[in-house]
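Report on the structure given below.
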Amino acid sequence: MPYETILVEKRGPVGLVTLNRPKALNALNAQLIAELDAALTALDADGEVAAVVLTGSEKAFAAGADIKEMMEKDFSEAFTSDFIAPWARIAGHKKPIIAAVAGYALGGGCELAMMCDIILAADNAKFGQPEINLGTIPGAGGTQRLTRLVGKSKAMEMVLTGRMMDAEEAQRSNLVARVVPVADLVDEAVKLGQSIATKSQPIVQIAKEAVNVAYETTLAEGIRFERRSFYATFATADRREGMVAFSEKRSPDFTHR
Ligand code: CO8
1 MPYETILVEK RGPVGLVTLN RPKALNALNA QLIAELDAAL TALDADGEVA
51 AVVLTGSEKA FAAGADIKEM MEKDFSEAFT SDFIAPWARI AGHKKPIIAA
101 VAGYALGGGC ELAMMCDIIL AADNAKFGQP EINLGTIPGA GGTQRLTRLV
151 GKSKAMEMVL TGRMMDAEEA QRSNLVARVV PVADLVDEAV KLGQSIATKS
201 QPIVQIAKEA VNVAYETTLA EGIRFERRSF YATFATADRR EGMVAFSEKR
251 SPDFTHR
């Protein structure tokens with residue numbers, strides 16, 4: 001299916017999705033979110049793909065939800081159409097998604113990056129939740145995910161003032177895994193995806209699910225979920241292969257079973 005607002009390609013076992021509304025700094029309108037969800041669903045179903053990189057341009061990962069599209073909505077339209085609902089699906093995909101963020105990741109752009117599993121930031125990245133300047137608040141998880149990632153004080157400061165965080169501060173605050181030079185960003189993210197692709201894919205997906213449970217439940221429930229998932233890995237051929245290969249001092253040959 002041809003997309004109008006995103007580009008999709010494959011780099012070996014890594015799906016690369018590029019947000020592509022350059023004139024609007026990749027502002028996230030309904031069409032883009034629908035196309036992104038469709039592309040991620042297709043990549044989830046693609047047996048050749050082990051991980052996905054989601055990126056924007058050097059100037060903007062995404063400058064937020066499309067303000068012009070939202071501008072004239074009233075409460076009853078917003079509430080009854082529940083127009084943010086399609087965004088929630090982005091966080092529900094099974095394969096790991098690496099956000100490769102250069103330039104602005106603001107509002108819904110920052111929220112989209114936080115829906116991904118790993119954020120790599122270019123040295124020019126800027127993260128922010130500027131909705132307060134528009135008379136509104138983050139609506140796609142920003143008040144919740146940012147608070148869990150960087151803590152209450154910093155999240156509160158960002159959400160209440162709209163202040164942006166640069167890449168170095170984002171790394172210090174645990175919002176991003178790593179900062180790389182902007183010219184290397186996509187290659188580094190693809191390399192990270194390729195490294196994940198060398199592992200057993202069902203085990204990668206079990207691991208992703210378990211880490212994400214940490215954001216949704218109590219410690220006791222999370223530990224219970226982890227233990228069940230850990231035992232479940234013993235039902236796979238790859239768990240046995242991994243341990244036998246270690247004892248035989250060779251690399252594992254995973255069959256993804
Ligand atoms: N929506 C729509 N258009 C945008 C957006 C946006 N979020 N951001 C930039 N654009 C457009 C500009 O209007 C401009 O278009 P035009 O050339 O037609 O005038 C073009 O992109 C280039 O932008 P600028 O000229 O402003 O570029 P600058 O380099 O001067 O500034 C900034 C870059 C600082 C990023 C500036 O564009 C800006 O402040 N943008 C808005 C940032 C913002 O407030 N984002 C939050 C949006 S609200 C939100 O995300 C709520 C999420 C809720 C959940 C989602 C529900 C669907």
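For the sequence shown, UniProt numbering begins at 1 and goes up steadily by one. Every residue, glycine too, gets a C-beta built ideally from N, C-alpha and C. Since this is a predicted model, take the numbers as computed values, not measurements.
The ligand CO8 heavy atom lying under 7 Å from the CB of residue i
i      : result
Ala65  : yes
Tyr214 : Note that residue 214 corresponds to Ala in the displayed sequence, not to Tyr. Answer for Ala214: no, Cβ out of range of the ligand CO8.
Lys73  : no
Glu131 : yes
Gly139 : yes
Ala27  : yes
Phe127 : no
Phe79  : no
Tyr104 : yes
Backbone CA spacing between residue i and residue j [nearest angstrom]
i           : j      : result
Leu175      : Ile97  : 15 Å
Leu192      : Ala78  : 38 Å
Ser251      : Gly109 : 39 Å
Ala85       : Phe246 : 45 Å
residue 258 : Gln31  : Since the first and last residues shown for the chain are 1 and 257, residue 258 lies out of range.
Ala65       : Pro130 : 11 Å
Thr55       : Glu111 : 14 Å
Lys73       : Ala88  : 20 Å
Gly142      : Glu248 : 47 Å
Asp253      : Val204 : 15 Å
Lys154      : Ala140 : 18 Å
Ala45       : Gly15  : 12 Å
Lys208      : Asp117 : 8 Å
Gly128      : Lys23  : 20 Å
Gln171      : Ser81  : 36 Å
Asp71       : Thr136 : Inspection of the sequence shows that residue 71 is occupied by Met rather than by Asp. Computed Cα separation, rounded: 11 Å.
Cβ neighbours of residue i in the same chain (closer than 6 Å, five flanking residues each side left out)
i      : result
Val8   : Val17 and Ala39
Glu226 : Ala210
Arg239 : Thr233
Lys10  : none
Ala235 : none
Asn29  : Asp66 and Glu69
Thr147 : Ala155
Integer-rounded CB distance, given that residue j should sit under 8 Å from residue i
i      : j      : result
Ala50  : Lys94  : Going by Cβ atoms, the distance from Ala50 to Lys94 rounds to 11 Å, so no, they are not a contact pair.
Ile90  : Ala177 : Going by Cβ atoms, the distance from Ile90 to Ala177 rounds to 19 Å, so no, they are not a contact pair.
Glu58  : Gly103 : 6 Å
Leu185 : Ala100 : 5 Å
Proximity of residue i and residue j at Cβ, strictly below 8 Å
i      : j      : result
Ala167 : Ala121 : yes
Phe61  : Asn26  : yes
Pro138 : Val159 : yes
Arg162 : Asn133 : First, the residue type needs correcting, since residue 162 is Gly and not Arg in the sequence shown. Yes, Cβ-Cβ distance for Gly162 and Asn133 is below 8 Å.
Neighbourhood of residue i by C-beta distance below 7 Å, restricted to the same chain and skipping five residues each side
i      : result
Ile6   : Val17, Thr18, Leu19, Asn20, Leu32, Glu35, Leu36 and Ala39
Leu149 : Met114, Asn174 and Leu175
Ile206 : Ser229, Ala232 and Thr233
Neighbourhood of residue i by C-beta distance below 8 Å, restricted to the same chain and skipping five residues each side
i      : result
Pro13  : Glu48, Val49, Ala50, Ala51, Gly193, Gln194 and Ala197
Ala237 : Thr255 and Arg257
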